[in-house]
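Undergrad: Numbering (our numbering), first residue to last: 1186 to 1316.
For each residue, glycine too, the CB sits at the ideal point set by N, CA and C.
As the structure is a computational prediction, the values presented were derived from the model and not from experiment.
1. May I ask you to report which of helix, strand or coil DSSP gives residue 1210?
2. Please report how far the alpha carbon of residue 1268 lies from the alpha carbon of residue 1277, in whole angstroms.
3. Where do the N-terminal and C-terminal ends of the alpha helix (DSSP H) with residue 1294 fall, by residue?
4. Can you grab the Cα-Cα spacing for the pair residue 1256 / residue 1210, in whole Å?
5. Tell me the rounded alpha-carbon separation between residue 1265 and residue 1250.
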């Protein structure tokens, strides 16, 4: 894509810049629309949505119910997958729970016994027997 030259947005004598304000429509969850008119309006903005909500047909209600069920199923599956992911993370990284592993404790114990044996033998010195 070509870069825009810096003088594109500069206001010069031969360029005319008009400011226009657009209409803003705020829709609340209960279906009512509050509008703040301040200039141009878009044709039929939101009027079809509101009239469709006032007189829903059985097919529309069935579609809405199906979509709600799909949403609930998706949320439940998402929650289940998140739980399984947490379980896998805990199983993969058991050290995250804190504490020492059993193998580490056994190795430290054996090392302590070995050092104690060496110190005992070296500090005991030669044995003298008196007969």
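TA: Taking the definition as stated:
1. Your numbering for residue 1210 matches position 25 in the chain shown. Residue state, collapsed to three classes: strand.
2. The residue labelled residue 1268 in the question sits at position 83 within the chain shown. The residue labelled residue 1277 in the question sits at position 92 within the chain shown. If you take the alpha carbons of residue 1268 and residue 1277, they lie about 14 Å apart.
3. Residue numbering aside, residue 1294 sits at position 109 when the chain shown is read from its first letter. Element bounds for residue 1294: 1287 to 1309.
4. What you label residue 1256 is simply residue 71 of the chain shown in a count that begins at 1. What you label residue 1210 is simply residue 25 of the chain shown in a count that begins at 1. Looking at the two C-alpha atoms, the distance is approximately 27 Å.
5. In the chain shown, counting from the first residue as 1, residue 1265 sits at position 80. In the chain shown, counting from the first residue as 1, residue 1250 sits at position 65. Cα to Cα, residue 1265 sits roughly 22 Å from residue 1250.
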